[in-house]
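Taking the working numbering as reference, the numbering of the sequence shown is continuous, increasing by one, and the terminal residue is 493.
Below is one structure; the comments refer to it alone.
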Amino acid sequence: MSRLSEILERWEPVIGLEVHVQLSTRSKIFCGCSTAFGAPANSHTCPTCLGLPGALPVFNLRVAEMAAALGLALGCEVRERSVWARKNYFYADLPKGYQISQFAEPICEHGALRFFVDGDEGEEVRVAEASIVRIHMEEDAGKSVHDGGGGHSRVDLNRAGVPLLEVVSAPDLRSPEEAAGYLKALRSIVRYLGISDGNMQEGSLRCDANVSLRPRGERALGTRAEVKNLNSFRFVAKAITHEILRQAELLEEGGVVEQETRLYDSERDETRTMRSKEEAEDYRYFPDPDLPPLHLDAALLERARARLTELPVQRAERWVAEHGLSVEDARTLSNERGVAEYFEAAVQAFDGPGAVPAKWIVGEVLRELGERNASIEALGLAPDRLAELMALVEADTISSSAGKQVFAALLGNEKRPRELVAELGLEQVSDSGALEAVVAQVIRDFPDQAATYRGGKKGILAFLMGQVMKASGGKANPKLASEALRQKLEEE
Numbered sequence: 002m003s004r005l006s007e008i009l010e011r012w013e014p015v016i017g018l019e020v021h022v023q024l025s026t027r028s029k030i031f032c033g034c035s036t037a038f039g040a041p042a043n044s045h046t047c048p049t050c051l052g053l054p055g056a057l058p059v060f061n062l063r064v065a066e067m068a069a070a071l072g073l074a075l076g077c078e079v080r081e082r083s084v085w086a087r088k089n090y091f092y093a094d095l096p097k098g099y100q101i102s103q104f105a106e107p108i109c110e111h112g113a114l115r116f117f118v119d120g121d122e123g124e125e126v127r128v129a130e131a132s133i134v135r136i137h138m139e140e141d142a143g144k145s146v147h148d149g150g151g152g153h154s155r156v157d158l159n160r161a162g163v164p165l166l167e168v169v170s171a172p173d174l175r176s177p178e179e180a181a182g183y184l185k186a187l188r189s190i191v192r193y194l195g196i197s198d199g200n201m202q203e204g205s206l207r208c209d210a211n212v213s214l215r216p217r218g219e220r221a222l223g224t225r226a227e228v229k230n231l232n233s234f235r236f237v238a239k240a241i242t243h244e245i246l247r248q249a250e251l252l253e254e255g256g257v258v259e260q261e262t263r264l265y266d267s268e269r270d271e272t273r274t275m276r277s278k279e280e281a282e283d284y285r286y287f288p289d290p291d292l293p294p295l296h297l298d299a300a301l302l303e304r305a306r307a308r309l310t311e312l313p314v315q316r317a318e319r320w321v322a323e324h325g326l327s328v329e330d331a332r333t334l335s336n337e338r339g340v341a342e343y344f345e346a347a348v349q350a351f352d353g354p355g356a357v358p359a360k361w362i363v364g365e366v367l368r369e370l371g372e373r374n375a376s377i378e379a380l381g382l383a384p385d386r387l388a389e390l391m392a393l394v395e396a397d398t399i400s401s402s403a404g405k406q407v408f409a410a411l412l413g414n415e416k417r418p419r420e421l422v423a424e425l426g427l428e429q430v431s432d433s434g435a436l437e438a439v440v441a442q443v444i445r446d447f448p449d450q451a452a453t454y455r456g457g458k459k460g461i462l463a464f465l466m467g468q469v470m471k472a473s474g475g476k477a478n479p480k481l482a483s484e485a486l487r488q489k490l491e492e493e
């Protein structure tokens, strides 16, 4: 039993996540500066995002549209009236000395997120749910760049003013695996809606995890520690695991967990103290005097609703019921909207069970995309052509291995599968007379092996089948050839 498993027998983790989603707008939330990633330091700035005296914010309404879309997708109450607040704190990359955010009246409240959780060893993937407390809009701060060798720090304010949604969960999560599953699901949803690229390496999705422990069976919450700025699914799970181990060891030695903010060091796989944890009153929130309350009109809400689609978990559950897919395959196919829509188009074009397109897409299509590091749109194979290829394999016109050859040949051109089968000479031999002739020749060429089979050592059949396939140039229908070979051997 692992150390974590042993601890979880005595202690129950209570985990809540605060996820910052950077929105895919072209300009910042309160000015016209570009949000493009990777520009030279401080090149996407203006008096507003530099916090210069006299500069005033002008709200980008596209941010509210995207926030409302996410709220609707998560079943939240979307407020027609929400209020901007100033969150006051000092940090070198926050030039105004406050962050424009929302506090008492956020744009969205009271929703829920359903997500997949990887099972423990031997257990299947399951679906869980966590409540969403709130979604609010805010501006990002700048970025401090530390020179480890010279001991200097610099500030890049390109990111200052980039629009964020903060999605705050209730403390409903109970394991590192649930936290990772929740974050994966949220990333998938914001990408489905087209409101964020969810690129964690570039900081488009960042997560703070609040972690506490309580003895098994108790309902009172323990003191929580917040682990800041986790930027990968793996690091979220590892940081929470470390924090569970740290707090359990501290509590079992008679110590007390301090409410604080901690950072995760991925190289050492440990968390360490950053600062004492602030409460809401420490930020001295008050309504921003430069921005009136935000009122959402019917047109904006209609644009937000137009972004909605069937969400990944719901899609996957429907496919399990309708097509008999495994939960794992359904999860894989539903994760990206482009792949999900490609699968559904392939099912529509294919006259057969949905499990067949699922097998080809999970196996061949996603493998190809992974090797290219490309999206489904760059595949160069329309779903109807894949459906035609699958039909040829299912009808035994070509073998499954020949089907993979045709699949590779189809990429990047507009030829039809039947045309390529003819060009490559891959059509299976299913004519009984032709197969019997090949089988008879193989038995004549390998009399000792044929005698071994007749003597009761049936495993030699695989060798003889290999010779049949070789003699036919790989074109023999394996099922019919195997039957013909067995029949011929047993006749003699």
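Ideal placement from N, C-alpha and C gives every residue a C-beta, glycine not left out.
- Counting C-beta pairs closer than 8 angstroms gives fewer than three between the segment 45 to 60 and the segment 105 to 125, which falls short of the contact rule.
- Closest by C-alpha distance to GLU484, out of ALA356, SER473 and LEU462, is LEU462.
- Taken through DSSP and simplified to helix, strand or coil, ASP157 comes out as strand.
- Rounded to the nearest angstrom, the gap between the Cα atoms of ILE245 and GLY460 is 53 angstroms.
- Counting only runs that start and end inside the segment 341 to 404, there is no beta strand (DSSP E) element of at least 3 residues.
- Per DSSP, reduced to three states, the secondary structure at GLY255 is coil, with no helix or strand assignment.
- Per DSSP, reduced to three states, the secondary structure at TYR99 is strand.
- No residue range can be given for ARG175, since it is assigned to no beta strand (DSSP E) and is classified by DSSP as neither H nor E.
- Note that the C-beta distance between ALA131 and GLN103 is not below 8 angstroms.
- Under DSSP, the beta-bridge partners assigned to MET138 are LEU166.
- Taking C-beta atoms as the reference points, ALA210 and LEU231 count as a pair closer than 8 angstroms.
- Under the three-state reduction of DSSP output, PHE104 falls in the coil class, being neither helix nor strand.
- Only residues of its own chain outside the window of five on either side were considered, and among them ASN232 and SER233 have a CB closer than 7 angstroms to the CB of MET201, listed in chain order.
- Within the same chain, Cβ atoms closer than 8 angstroms to the Cβ of VAL407 are found at LEU390, LEU393, ILE399, PRO418, LEU421, VAL422, LEU425 and LEU427, the five residues on either side in sequence being excluded.
- Contact fails between the segment 327 to 336 and the segment 84 to 98, because fewer than three Cβ pairs, one in each stretch, are under 8 angstroms apart.
- For SER277, the beta-bridge partners assigned by DSSP are GLU261.
- Below 8 angstroms, too few C-beta pairs join the segment 293 to 303 and the segment 261 to 270 to call them touching: fewer than three.
- Listed in chain order, the alpha helix (DSSP H) runs fully inside the segment 415 to 493 are 418 to 425, 433 to 446, 448 to 455, 462 to 472 and 479 to 492, counting runs of at least 4 residues.
- Close CB contacts of ALA388 within its chain, under the 6 angstroms cut and outside five residues either way in sequence, are with ALA347, ALA350 and PHE351 (chain order).
- Excluding the 5 residues flanking it on each side, GLY404 has same chain C-beta neighbours closer than 8 angstroms at LEU390, MET391, LEU393 and VAL394, in chain order.
- Proximity of the segment 191 to 198 to the segment 8 to 15 falls short of the contact definition, fewer than three beta-carbon pairs being nearer than 8 angstroms.
- VAL146 and ASP157 do touch by the CB rule: their CB atoms are close to 6 angstroms apart, below 8 angstroms.
- CA-to-CA, the gap between VAL128 and ASP173 works out to about 14 angstroms.
- For ARG63, the enclosing alpha helix (DSSP H) starts and ends at 62 to 74.
- Exposure of PHE464 is indicated by the presence of fewer than 16 other C-beta atoms within 10 angstroms of its C-beta.
- Assigned with DSSP and collapsed to three states, ASP298 falls in coil, not helix or strand.
- Exposed is the label assigned to HIS296, since fewer than 16 other Cβ atoms lie within 10 Å of its Cβ.
- The DSSP assignment places complete beta strand (DSSP E) segments of no fewer than 3 residues inside the segment 4 to 90 at 12 to 23 and 86 to 89, in order along the chain.
- When DSSP states are grouped into helix, strand and coil, GLU323 belongs to the helix group.
- Leaving aside the five residues that flank SER6 on each side, none in its chain has a CB nearer than 7 angstroms to its CB.
- Taking a 10 Å sphere around the C-beta of ALA37, we find fewer than 16 other C-beta atoms and assign the residue as exposed.
- In the three-state DSSP reduction, ARG285 falls in the coil class, being neither helix nor strand.
- Counting along the chain, the unbroken alpha helix (DSSP H) around SER335 starts and ends at 328 to 335.
- Contact annotation: LEU166 and VAL314 have beta-carbon atoms that are not nearer than 8 angstroms.
- Within 10 angstroms of the beta-carbon of ASN374 lie fewer than 16 other beta-carbons, which makes it exposed.
- For GLU179, the secondary structure class from DSSP, reduced to helix, strand or coil, is helix.
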